Amino acid sequence: MSITIKDIAKQAGVSISTVSRVINGSKPVSNEIRQKVMQIIEETGYMPNPIARSLVMKKSQLIGVVVPDISNTFINEILSGIEEIGRMYNYDILLCSTYGDQEQELRYLNLLKAKQVEGIVFMTWELDEKLIKYISNIDTPVVLINRNTDKLEIPSVSIDNFKAAYEITEYLINKGHKEIALMRRQGHDAFSLRIYEGYKKALEDNDIPLNENIVYEGEYKIEKGYELTEKLIEGKNVPTAIFASNDVMAIGAINALFDNGYNVPNDVSVVGFNDIELSSIYRPKLTTIHQPIYDIGAVAIRMIIKKINEEELDCNIVELPHDLIERESVKSIK
1 MSITIKDIAK QAGVSISTVS RVINGSKPVS NEIRQKVMQI IEETGYMPNP
51 IARSLVMKKS QLIGVVVPDI SNTFINEILS GIEEIGRMYN YDILLCSTYG
101 DQEQELRYLN LLKAKQVEGI VFMTWELDEK LIKYISNIDT PVVLINRNTD
151 KLEIPSVSID NFKAAYEITE YLINKGHKEI ALMRRQGHDA FSLRIYEGYK
201 KALEDNDIPL NENIVYEGEY KIEKGYELTE KLIEGKNVPT AIFASNDVMA
251 IGAINALFDN GYNVPNDVSV VGFNDIELSS IYRPKLTTIH QPIYDIGAVA
301 IRMIIKKINE EELDCNIVEL PHDLIERESV KSIK
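Position 249 (the sequence shown) corresponds to 249 in the UniProt record's numbering; numbering is contiguous.
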């Protein structure tokens with residue numbers, strides 16, 4: 001039979017409420033009684049019921065995390081930052097993967113609320129009006145990842161995706177490339193739109209006409225980068241450079257080029273975005289935009305913990321610095 005708080009109180013000769021105060025540290029108890037109760041707890045191996053304890057303390061020590069795809073390497077590195085910093089502050093993580101399904105996102109948000117999480121770190125490919133309304137009105141603190149929310153009153157952490165896309169497109173232009181294909185995620189995801197806008201602006205500022213025939217949409221997967229590159233080849237639209245807005249898409253593009261007799265970078269240059277670990281060990285090593293991926297997760301959960309503790313945030317919209325990492329996948333054709 002399992003030991004209950006009532007058994008501890010009986011053995012210690014005190015009330016159940018006194019044992020509860022010792023366990024939860026909610027009200028002062030004499031040192032003598034505290035030591036006596038703690039000794040009995042240790043001897044009996046009593047474990048407090050976490051659900052009952054959370055109801056009393058109004059603290060579950062749980063943070064919910066909603067992401068679109070846990071198989072995505074970029075998201076995995078973000079989750080490492082979230083989990084490690086959460087553990088430092090004694091929070092457990094409830095992880096939900098929606099696979100980009102917006103109805104599932106709302107379902108998980110409701111589920112996490114029912115589980116009494118103290119805060120939610122939320123990442124989505126597409127933030128529609130229904131989600132915005134829900135998140136804006138929920139009484140649980142929420143921090144968004146990889147989402148510019150300057151028009152919303154919701155804290156967020158990301159890099160400046162527009163600026164990063166502009167920089168890497170202009171880098172290719174400075175290397176002599178004027179035919180630059182773009183591979184971005186399909187749909188109206190704001191992250192992808194900001195990259196598209198940065199790419200388009202860089203072309204415009206360098207008097208290069210935008211060619212929508214070499215702007216392709218697809219999922220952030222190696223096989224999709226491969227498939228989109230084969231479409232370029234089949235349509236005889238092979239450019240001198242490909243900008244993939246995700247490193248795994250870039251790797252898929254390199255594979256497709258290689259399988260069709262093209263050399264990277266001698267025939268076609270390829271750049272990525274994110275700088276996942278694979279980028280530096282793949283051959284040719286990938287030129288890409290470096291995001292501080294682990295730090296994005298770490299900052300997001302630290303922001304949530306501050307909100308939980310009703311501390312003031314230093315900044316509601318956090319944009320972390322990015323870098324252009326030059327490796328082996330780009331050739332100058334000047």
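Ideal placement from N, C-alpha and C gives every residue a C-beta, glycine not left out.
Values in this document were obtained by computation on a predicted structure and should not be read as measured data.
| Asked | Found |
| --- | --- |
| Rounded distance between the beta-carbons of I145 and S136, thought under 8 Å | Between I145 and S136 the Cβ distance is about 17 Å, and since that is not below 8 Å, they are no contact. |
| Residues of its chain near I132, where Cβ-Cβ distance is below 7 Å and the 5 sequence neighbours each way are ignored | L152 |
| Backbone secondary structure at R34 - three-state DSSP | helix |
| Beta-ladder partner(s) of R184, from DSSP | E217 |
| Contacts around Y166, its chain only, beta-carbon distance under 7 Å, and the 5 residues preceding and following it disregarded | G198, K201, A202 |
| Sheet register partners of N274 (DSSP bridge) | H290 |
| N-terminal and C-terminal residue of the alpha helix (DSSP H) that G225 is part of | 222-234 |
| Neighbourhood of V318 by C-beta, 8 Å cutoff - its chain only, sequence neighbours within 5 removed | P155, S156, V157, S158, V299, M303 |
| Assigned exposure category for G225 - 16 Cβ within 10 Å defines buried | buried |
| Contact under 8 Å by Cβ, I242 with A181 | yes |
| Cβ neighbours of E105 in the same chain (closer than 7 Å, five flanking residues each side left out) | V66, T98, T124, L131 |
| Assumed close pair S269, I195 - CB separation to whole angstroms, cut-off 8 Å | Rounded, the Cβ-Cβ distance is 18 Å, inconsistent with contact. |
| Beta-carbon spacing of N211, I173 below 8 Å | no |
| Coil, strand or helix - E103 by DSSP | helix |
| Cβ-based burial, I63 [other Cβ within 10 Å; buried from 16] | buried |
| S80 beta carbon less than 8 Å from that of Y220 | no |
| Beta-carbon proximity of I8 to V37, cut-off 8 Å | yes |
| Segment contact flag, the stretch 276-295 with the stretch 71-91, C-beta cutoff 8 Å, min 3 pairs | yes |
| Simplified DSSP assignment, three categories, for I51 | Because the pLDDT at I51 is just 49, under 50, the model does not fix this residue reliably, and the point stays unresolved. |
| Residue closest to H322, alpha-carbon to alpha-carbon, out of Q61, I85, N161 | N161 |
| CA nearest to the CA of D128, picked from Q102, N316, I333 | Q102 |
| Rounded Cβ spacing between I222 and V248 (contact assumed at less than 8 Å) | 5 Å |
| Cβ-based neighbour list, T140, same chain, cut-off 7 Å, excluding 5 preceding and 5 following | K113, V117, G119, I120 |
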